[in-house]
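Residue numbers (mature numbering (1 follows the signal peptide of the UniProt record, and there is no 0)): -22 to -1, 1 to 281.
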């Protein structure tokens, strides 16, 4: 899932600053993350989502209600080979009392339902953003990961990711409280399968990613649990045709033919595009996720 910039007119982008008021050092997000917001003084709601981009994405009706006019930059939000195109504008908004002046985007199709828009922790002025999932439980341990930006042509547009090493190569990890399944792109799944003895099993299913766009996925079981600190994944789902090729992963439902010849391509693949999204199926073991932006760390407290 990637955001790409489209230039609508040849013009320089002015730097956009944050509000002058010093925010509290730690902002806590509870329950479903939906909070009161306003855009140009028009009230609404935003969902603060650990897996969402820093660029606030508004529902189109809310953007129009607030009187926003498209600026010179548009957006192309990629979901595998699919995607949606949108527009942006610079505006004043408040998120649960935090005043921000920054660029926002909107699309014909809503990113998600249940609020007038979404914003990731990278878009908030608070230095630390903590998502409280449920009360802490005895025996929890802390998972401490490097925090990296998802990347965008214009700074502070993409999401915030954790970073792990798989086969000695960095892999970006996203935390998704609003989808049940943990998902790996095809390239990420190849690397995890090689390291942990992965095998595809079961039928091809469909999993919603964003904007109502669903992509084909299959379950991958792991001979050795994939440990990320206290989290241990025995299985995950693979986006079989997104950002890589899952054809080289062993299929547990197919009996190998000793005379079969398998042809695989040798095109270079960029491992920087590999993504792992940790869903509710694994995050239910965690009580909190903290994005510490000054320290560039993400900390999870999990059983």
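Each residue gets a CB set at the ideal place from its N, CA and C atoms; glycine is no exception.
Margin query: Under 8 Å: do the stretch 218 to 234 and the stretch 86 to 104 share three or more Cβ pairs, one atom per stretch?
Written below: Too few Cβ pairs lie closer than 8 Å, so no.
Next item on the list: Could you spell out the range, first to last residue, of the beta strand (DSSP E) harbouring residue 314?
Entry: Outside the displayed range of the chain (-22 to 281) lies residue 314, so it cannot be described from this structure.
Check: Smallest Cα separation from residue 148: which of 124, 205, 54, 18?
Finding: Reading the chain shown from its first residue, position 170 is the one you call residue 148. Closest option to residue 148, Cα to Cα, is 124.
Check: What separation, rounded to the nearest whole angstrom, lies between the Cα atoms of residue 44 and residue 154?
Finding: Taking the chain shown and counting its residues from 1, one reaches residue 44 at position 66. Taking the chain shown and counting its residues from 1, one reaches residue 154 at position 176. One C-alpha to the other measures close to 29 Å.
Item checked: Contact check, residue 200 vs residue 260, beta carbons under 8 Å -> Mapped onto the chain shown, residue 200 falls at position 222. Mapped onto the chain shown, residue 260 falls at position 282. At the C-beta level, residue 200 and residue 260 stay beyond 8 Å of one another.
Note to self: If you follow the alpha helix (DSSP H) that residue 53 is in, where does it begin and where does it stop?
What the structure shows: Taking the chain shown and counting its residues from 1, one reaches residue 53 at position 75. Per DSSP, residue 53 belongs to no alpha helix (DSSP H); it is in the beta strand (DSSP E), 51 to 57.
Margin query: Comparing C-alpha positions only, which one of 30, 53, 21, 29 sits nearest to residue 39?
Written below: Counting from one through the chain shown, the residue named residue 39 turns up at place 61. Checked all of 30, 53, 21, 29; the closest Cα to residue 39 is 21.
Next item on the list: Compute the beta-carbon to beta-carbon distance between residue 97 and residue 26, rounded to the nearest angstrom, for a pair I have assumed lies under 8 Å.
Entry: What you label residue 97 is simply residue 119 of the chain shown in a count that begins at 1. What you label residue 26 is simply residue 48 of the chain shown in a count that begins at 1. The C-beta distance from residue 97 to residue 26 rounds to 6 Å, short enough to meet the 8 Å contact threshold.
Next item on the list: Kindly indicate which residue of 219, 175, 183 has the alpha-carbon position closest to the one of residue 252.
Entry: Residue numbering aside, residue 252 sits at position 274 when the chain shown is read from its first letter. Looking from the CA of residue 252, the closest CA among 219, 175, 183 belongs to 219.
Next item on the list: Taking residue 164 as the reference, give the member of 222, 119, 204 with the closest Cα.
Entry: Residue 164 sits at position 186 when you count from the first residue of the chain shown. In this structure, 222 is the residue among 222, 119, 204 with its C-alpha nearest to the C-alpha of residue 164.
Next item on the list: Note the first and the last residue of the continuous alpha helix (DSSP H) segment covering residue 258.
Entry: As a position in the chain shown, residue 258 is number 280, starting the count at 1. From DSSP, the alpha helix (DSSP H) with residue 258 extends over 258 to 261.
Notebook entry, point to check: Mind pulling the beta strand (DSSP E) runs of 3 or more residues that sit fully within the stretch 55 to 143?
Noted result: 60 to 73, 76 to 85, 95 to 97, 106 to 110, 119 to 127
Next item on the list: Could you pull out every residue in the same chain whose Cβ sits closer than 6 Å to the Cβ of residue 274, ignoring the five residues on either side in sequence?
Entry: Here residue 274 corresponds to residue number 296 of the chain shown, with the count starting at 1. Here the set comprises 125.
Notebook entry, point to check: Are residue 188 and residue 57 closer than 8 Å when you measure CB to CB?
Noted result: By one-based count along the chain shown, residue 188 stands at place 210. By one-based count along the chain shown, residue 57 stands at place 79. Against a cut-off of 8 Å, the Cβ pair of residue 57 and residue 188 comes out as a contact.
Next item on the list: On a CA-only basis, which of 48, 28, 4, 119 is nearest residue 76? Give me that one, please.
Entry: Position 98 of the chain shown, counted from the first residue, corresponds to residue 76. Nearest option by C-alpha distance: 4.
Note to self: For a quick check, are the C-beta atoms of residue 13 and residue 23 less than 8 Å apart?
What the structure shows: Taking the chain shown and counting its residues from 1, one reaches residue 13 at position 35. Taking the chain shown and counting its residues from 1, one reaches residue 23 at position 45. Going by C-beta atoms, residue 13 is nearer than 8 Å to residue 23.
Notebook entry, point to check: Should residue 208 be flagged as near chain C, meaning a C-beta pair shorter than 8 Å?
Noted result: Given the protein chain composition of this structure (a single chain), no chain C is represented.
Notebook entry, point to check: Taking one C-beta from the stretch 95 to 109 and one from the stretch 50 to 65 each time, how about it: are there three or more such pairs within less than 8 Å?
Noted result: Verdict: no, contact absent.
Margin query: If the criterion is Cβ atoms closer than 8 Å, does the pair residue 119 and residue 264 meet it?
Written below: For the purposes of this step, residue 119 is taken as residue 141 along the chain shown, with counting starting at 1. For the purposes of this step, residue 264 is taken as residue 286 along the chain shown, with counting starting at 1. One thing to note: residue 119 has its Cβ no nearer than 8 Å to the Cβ of residue 264.
Margin query: Between which residues of its own chain and residue 236 is the CB-CB distance below 7 Å, once the five residues before and five after are set aside?
Written below: For the purposes of this step, residue 236 is identified with residue 258 of the chain shown, where counting begins at 1. In this prediction, residue 236 has a pLDDT of 46, which is less than 50 and means its spatial position is unreliable; what the coordinates show is noted afterwards. The answer is none, since no qualifying residue turns up.
Notebook entry, point to check: Roughly how many angstroms lie between the CA atoms of residue 216 and residue 19, to the nearest whole one?
Noted result: Your numbering for residue 216 matches position 238 in the chain shown. Your numbering for residue 19 matches position 41 in the chain shown. Distance between the alpha carbons of residue 216 and residue 19: 43 Å.
Next item on the list: Following the continuous alpha helix (DSSP H) through residue 193, name the residue where it begins and the one where it ends.
Entry: Working through the chain shown from its first residue, we reach residue 193 at position 215. For residue 193, there is no enclosing alpha helix (DSSP H); the residue is found in the beta strand (DSSP E) stretching over 191 to 206.
Check: Buried or exposed: where does residue 11 fall if 16 or more other Cβ atoms within 10 Å of its Cβ makes it buried?
Finding: By 1-based counting over the chain shown, the position of residue 11 is 33. Buried.
Check: How many Å lie between residue 136 and residue 99 at the Cα?
Finding: For the purposes of this step, residue 136 is taken as residue 158 along the chain shown, with counting starting at 1. For the purposes of this step, residue 99 is taken as residue 121 along the chain shown, with counting starting at 1. The straight-line gap from Cα to Cα measures roughly 10 Å.
Check: In this structure, what does DSSP give as the bridge partners for residue 211?
Finding: The residue labelled residue 211 in the question sits at position 233 within the chain shown. DSSP, once it has assigned bridges, lists 204 as partnering residue 211.
Note to self: Using a 10 Å radius around the Cβ and a threshold of 16 neighbouring Cβ atoms, would you call residue 94 buried or exposed?
What the structure shows: Residue numbering aside, residue 94 sits at position 116 when the chain shown is read from its first letter. Classification for residue 94: buried.
Note to self: Using the three-state DSSP reduction, which class does residue 242 fall into: helix, strand or coil?
What the structure shows: To locate residue 242, count along the chain shown from 1; it is residue 264. Because the pLDDT at residue 242 is just 45, under 50, the model does not fix this residue reliably, and the value given afterwards should be weighed accordingly. Residue 242 falls in the coil class under three-state DSSP.
Margin query: Residues in the same chain with beta-carbon distance under 8 Å from residue 158, minus the five sequence neighbours each way, listed in chain order, please.
Written below: Translated into positions along the chain shown, residue 158 becomes position 180. The residues are 257, 258, 259.
Notebook entry, point to check: Taking Cβ positions, are residue 109 and residue 266 nearer each other than 8 Å?
Noted result: Residue numbering aside, residue 109 sits at position 131 when the chain shown is read from its first letter. Residue numbering aside, residue 266 sits at position 288 when the chain shown is read from its first letter. Yes, they are a contact pair.
Margin query: Which same chain residues end up closer than 6 Å to residue 41 when comparing Cβ atoms and leaving out the 5 residues on each side of it in sequence?
Written below: In the chain shown, counting from the first residue as 1, residue 41 sits at position 63. Once the five neighbours on either side are set aside, the close Cβ partners of residue 41 are 84.
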